Amino acid sequence: MPQLTMVEALNLALGESMAADDRVCVMGEDVGVNGGVFRVTKGLLDRFGPERVIDTPLAENAIIGTAVGMAVYGLRPVAEIQFSGFTMQAFDQIEQNMARYRNRTRHRYPISMVMRAPYGGGIRAVEHHSESREAYWAHTPGLKVVIPSGPRNARALLAAAIADPDPVIFYEPKAVYRAFREEVSEEPEVMEIGKAHVVRPGGDLTLIGYGAMMRPVLEAADDLVQEHGVDVEVIDLLSIKPMDTIALVESVSKTGRCVIVHEGPRTCGVAAEIIARLNEQAFEYLLAPIRRVTGFDIHFPFFQVEKHYLPDSDSIVAAVKETMTWT
Amino acid sequence: MSPRSATSAAAASRTPPVRIESRADGSIDLGSIEVIRVLDEQGEVVNSDLEPNLPESELLRIYRGMVRSRRLDLRMLAMQRQGEMGTFAPGLGQEATQIGQVYPMTSRDWYAPSYRSIGAQVWRGWSMDQLLLLWAGYFEGFGIPEGVNDLPFSIVIGAHVPVATGVAMGIRNRKDDSVVVTNFGDGASSQGIVAESFNFAAVYKAPIIFIVESNGWAISTPIERQCGNPVLAARGVGFGLPAVRVDGNDVLGMIAACSCAIDHARRGAGPYLVEAVTYRMSLHTTADDPKVYRKEEEVKAWEGKCPIRRFENYLKARDLLDDEAIARLGEEIEQEVLAARETFRQRAIARPKEIFDFVYEQLPADLQGQKAEYMERLKRKGVEERGTG
């Protein structure tokens, strides 16, 4: 079985979906001849031609708006926005049309499309290249929001997003793009959207993360088990919306303690939503207040200091140890 | 030759052959595009070369479409004032612009209207009672009728234009021979997404016709305050779109211009911009009072350019219509509108239970919980079982 990076795995999923379904098109800035600035769409132009691999003008809002129109017509566009920081240009068309069209037309025009965008910090990039604004999209009715954490689930979730009958925001943790390789099956693989994954079972505390944060989360988990005797259960959320509330409630009902990690700002972030759901559905099992290790409510700092801003294994271990002191 | 002089020689050769210069008063002369028309304000043929060669029955069908638009608007205004209709945007005075743009379309073509397009929507096959439901706040009003290839309008100005462009890109992708017609107002021309759409369409030679209904006013903002160059057809030059400026109160002029634009797009030659110069005779919406911002004399002057009367004069001159027939036809259509109002009243049943049913193909588990909570709320309030639940 091949060992792939996340970039290669995403490229594989795009190629497989395009080969299987001629309605699938890829579009965006520099996705054709250049193969995308991160090379996720490399080679697709040669395989599928310019009608299906479309280099667009530099206009994010029109990329999303025209992708919606192509979906209305019956195609299945996968639109790439070069960096998630530029999706703000497209807020208009995501909110007005991509998210609402099925509802507005009472199922006449479902919008089966994907907006892919690399998100998150850690790659020493300029301003607007490091944001994690998934909470914006989770707040928008009609969308699904999916964030893989490694090559294997990236490939399987992108395939699922392309096949999904509803519009999917697919955020790719660019810090993971080439960070490691993983075994990816020879056969096409699809994962169900909306399911969290228990990466490591444990009995003392539920540690929840997603995307690029899964690396420091797993590093912290190893440290906690080996050095501090805390048997943490690690959950990879994978889908922000719909959220797998059942899996989270099940785990916290067992452990009674929970720490949530994300790099986006804290206020009204994904962790806040998870805490609210656990408060509603697992309150009687809680042994300690639920802690958040997140980005702060400030603009993402310039890259010389980003490593201090991003949650790391050390800060996660500290939060877990604090939570364990409650008796 | 030194590198420096080589650079300046290259720079000199890039000097544009045509210069656009400002006049003494600082304005730029981009506004001298001729307005084309077939009929003048009295309905006299002024350009027989452009006069569409249509059978008499078709001319009468076009006339009926315009009268339907006007009568439905007036009835809706009355219903709104009596509390039976929500806020809506009347198209009074723009009937020729409306019918002229949809007349040359086939049923396989796609229509993406703005919200001030009731007359055109009826022409395309939307029933009047359904449009009444839509503007009276019933969600099923937005159910696009079977066999009608239309997009829903967007309340956010100009937001529907890239979607229309995307449909045209799909058509081009599949080498289908249909075209897209979309319309928007002069206010929408200020939206960035409309400019982005012009550019996308031009780059891909997408088969779409952009109709800008330049009706003088965007709520209270006159066109001079909206656009640095109020000749919107001139924008075609910058975007690489062929464009035409047409008298939007002359239905035959509109048909001539739109037929040409549609033929152009259908034969794969790309998009087209049609500027229809017209006037919003009535309110922006029923929540608006134009007396606050525009003068009665201006409105009076445009009353003299009424698109329906102009076409009546033409039909009379061709012996296709007389005053008696005009009155009879008006009464017939009034009865049709009243019958639609009756059907609307019978269909006007709110369906509070269906509000979760169209958001996703299948309701995700966490939303099922919210739906159950909402159903409990309805039950507590004693809201009756209706609709799809």
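Chains as they are written, first to last, in our numbering: chain A, 68 to 394; chain X, 4 to 392. In this text, a Cβ means the ideal position worked out from N, Cα and C, and glycines have one as well. Keep in mind that this is a model prediction, so the values were computed, not measured.
Could you tell me which chain D residues have their CB closer than 8 Å to the CB of residue i, listed as they occur along the chain?
{"i": "Met310(A)", "result": "Any reference to chain D falls outside this structure, whose protein chains are A and X."}
Can you round the beta-carbon distance between residue i and residue j to whole angstroms, since I take them to be within the 8 Å contact cut?
{"i": "Ile212(X)", "j": "Val277(X)", "result": "6 Å"}
{"i": "Gly190(X)", "j": "Thr168(X)", "result": "Actually they do not touch by this definition, with Cβ atoms about 19 Å apart."}
{"i": "Asn252(X)", "j": "Ala99(X)", "result": "5 Å"}
{"i": "Ser179(A)", "j": "Arg222(A)", "result": "Rounded, the Cβ-Cβ distance is 19 Å, inconsistent with contact."}
{"i": "Asn202(X)", "j": "Pro117(A)", "result": "At roughly 18 Å, the Cβ-Cβ gap does not stay under 8 Å, so Asn202(X) and Pro117(A) are not in contact."}
{"i": "Arg182(A)", "j": "Phe237(A)", "result": "Reading off the sequence, residue 182(A) comes out as Met, not Arg. That pair is a contact at about 7 Å."}
{"i": "Ile148(A)", "j": "Ala205(A)", "result": "Going by Cβ atoms, the distance from Ile148(A) to Ala205(A) rounds to 17 Å, so no, they are not a contact pair."}
{"i": "Ala242(A)", "j": "Ile307(A)", "result": "No, Ala242(A) and Ile307(A) are not in contact; Cβ-Cβ is about 17 Å, not under 8 Å."}
{"i": "Val265(A)", "j": "Gly276(A)", "result": "Actually they do not touch by this definition, with Cβ atoms about 12 Å apart."}
{"i": "Gly103(A)", "j": "Val362(X)", "result": "That pair is no contact at about 31 Å."}
{"i": "Met193(A)", "j": "Lys211(A)", "result": "Note that residue 193(A) is Val in the sequence shown here, rather than Met. In fact, because the Cβ distance is near 30 Å, the residues do not count as touching under 8 Å."}
Put residue i into one of helix, strand or coil per three-state DSSP.
{"i": "Ser318(A)", "result": "helix"}
{"i": "Ile36(X)", "result": "coil"}
{"i": "His206(A)", "result": "coil"}
{"i": "Thr108(A)", "result": "coil"}
{"i": "Asp381(A)", "result": "helix"}
{"i": "Phe393(X)", "result": "Only positions 4 to 392 of chain X appear in the structure, and residue 393(X) is not among them; the question remains open."}
{"i": "Asp466(X)", "result": "The structure shown does not extend to residue 466(X), since chain X is modelled only from 4 through 392, so no value can be given for it."}
{"i": "Pro465(X)", "result": "The structure shown does not extend to residue 465(X), since chain X is modelled only from 4 through 392, so no value can be given for it."}
{"i": "Ser306(A)", "result": "strand"}
{"i": "Thr346(X)", "result": "helix"}
{"i": "Asp112(X)", "result": "coil"}
{"i": "Lys211(A)", "result": "strand"}
{"i": "Ser285(X)", "result": "coil"}
{"i": "Asp326(X)", "result": "helix"}
{"i": "Asp233(A)", "result": "coil"}
{"i": "Tyr140(A)", "result": "helix"}
{"i": "Pro332(A)", "result": "strand"}
{"i": "Asp179(X)", "result": "coil"}
For a contact defined as C-beta to C-beta under 8 Å, what are the partners of residue i on chain A?
{"i": "Ser117(X)", "result": "Residues of chain A passing the Cβ test: none, with the nearest at roughly 14 Å."}
{"i": "Phe203(X)", "result": "Thr123, Pro124, Ala126, Ala129 and Thr133"}
May I ask which residues mark the beginning and end of the alpha helix (DSSP H) holding residue i?
{"i": "Asn220(A)", "result": "Pro218 to Ala230"}
{"i": "Arg169(A)", "result": "Tyr168 to Arg171"}
{"i": "Val206(X)", "result": "Gly195 to Tyr207"}
{"i": "Met257(X)", "result": "Val254 to Arg269"}
{"i": "Arg73(X)", "result": "Glu59 to Arg84"}
{"i": "Met378(X)", "result": "Ala368 to Arg383"}
{"i": "Ser84(A)", "result": "Met73 to Ala87"}
{"i": "Phe314(X)", "result": "Pro310 to Ala320"}
{"i": "Tyr376(A)", "result": "Glu373 to Tyr376"}
{"i": "Leu274(A)", "result": "No alpha helix (DSSP H) contains Leu274(A), which is instead part of the beta strand (DSSP E) from Leu272 to Gly276."}
{"i": "Asp401(A)", "result": "One cannot answer for residue 401(A) here, as it falls past the ends of chain A, which runs 68 to 394."}
{"i": "Ile102(X)", "result": "Glu98 to Val105"}
{"i": "Gly95(A)", "result": "Run containing Gly95(A): none in the alpha helix (DSSP H); it sits in the beta strand (DSSP E), Val91 to Gly95."}
{"i": "Ile341(A)", "result": "Val337 to Gln348"}
Does the beta carbon of residue i fall short of 7 Å from some heavy atom of the ligand SAM?
{"i": "Val301(A)", "result": "Ligands are entirely absent from the displayed structure, and the ligand SAM is therefore not among its contents."}
Can you pull the chain A neighbours of residue i, defined as C-beta to C-beta under 9 Å?
{"i": "Val215(X)", "result": "In chain order: nothing, as chain A lies at least about 17 Å away."}
{"i": "Val206(X)", "result": "Thr123 and Pro124"}
Since residue i meets chain X, which of its residues come closer than 8 Å, beta carbon to beta carbon?
{"i": "Asn128(A)", "result": "Pro165, Gly195, Ile196 and Glu199"}
{"i": "Gly261(A)", "result": "Pro367 and Ala368"}
{"i": "Val139(A)", "result": "Leu154, Val166, Gly169, Val170 and Gly173"}
Span of the beta strand (DSSP E) holding residue i?
{"i": "Met182(A)", "result": "Val181 to Tyr186"}
{"i": "Leu354(A)", "result": "Run containing Leu354(A): none; DSSP gives neither H nor E here."}
{"i": "Pro122(A)", "result": "The sequence shown places Asp at residue 122(A), rather than the Pro named in the question. Run containing Asp122(A): Val120 to Asp122, per the beta strand (DSSP E) assignment."}
{"i": "Pro144(A)", "result": "Arg143 to Glu147"}
{"i": "Gly122(X)", "result": "No beta strand (DSSP E) holds Gly122(X); the alpha helix (DSSP H) holding it covers Ile121 to Arg127."}
{"i": "His264(A)", "result": "His264 to Arg267"}
Using the beta-carbon of each residue, which ones in chain X are nearer than 7 Å to residue i?
{"i": "Gly177(A)", "result": "Residue identity check: residue 177(A) is Pro in the sequence provided, not Gly. Within 7 Å Cβ-Cβ: Glu364."}
{"i": "Glu118(A)", "result": "Asn176"}
{"i": "Gly136(A)", "result": "Pro165, Val166, Ala167, Thr168, Gly169, Val170, Met172 and Gly173"}
{"i": "Leu142(A)", "result": "Gly173 and Asn176"}
{"i": "Gln163(A)", "result": "Ser157, Val159 and Ala162"}
Name the chain A residues that come within less than 7 Å of residue i, Cβ to Cβ?
{"i": "Ala361(X)", "result": "The sequence as given places Phe at residue 361(X); Ala does not occur at that position. Simply Arg169, Asn170, Arg173 and His174."}
Residues of chain X with CB under 9 Å from residue i, in chain order?
{"i": "Thr154(A)", "result": "Those within 9 Å of Thr154(A) in chain X number zero; the least Cβ separation is about 15 Å."}
{"i": "Gln160(A)", "result": "Ala162, Pro165, Val166 and Ile196"}
{"i": "Val74(A)", "result": "The contacting residues do not exist; Val74(A) stays about 27 Å from chain X at best."}
Mind listing which residues of the region 142-169 of chain X have their C-beta closer than 8 Å to chain A's C-betas, in chain order? If the cut-off is 8 Å between Cβ atoms, the region 142-169 of chain X has Phe142, Glu143, Phe145, Gly146, Ile147, Leu154, Pro155, Ser157, Val159, Ala162, His163, Val164, Pro165, Val166, Ala167, Thr168 and Gly169 near chain A.
What residues from the region 173-197 of chain X come within 8 Å of chain A, judged by C-beta to C-beta, listed N to C? Going along the region 173-197 of chain X in chain order, one finds Gly173, Ile174, Asn176, Arg177, Gly195 and Ile196 with a Cβ nearer than 8 Å to chain A.
Which residues of the region 216-237 of chain A have a Cβ closer than 9 Å to any Cβ of chain X? Give them in chain order. Those would be Asp231, Pro232 and Asp233, in chain order.
Contact residues within the region 192-214 of chain A, judged by C-beta distance below 7 Å to chain X: Contacts with chain X (Cβ-Cβ distance below 7 Å) from the region 192-214 of chain A involve Pro208 and Gly209, listed in chain order.
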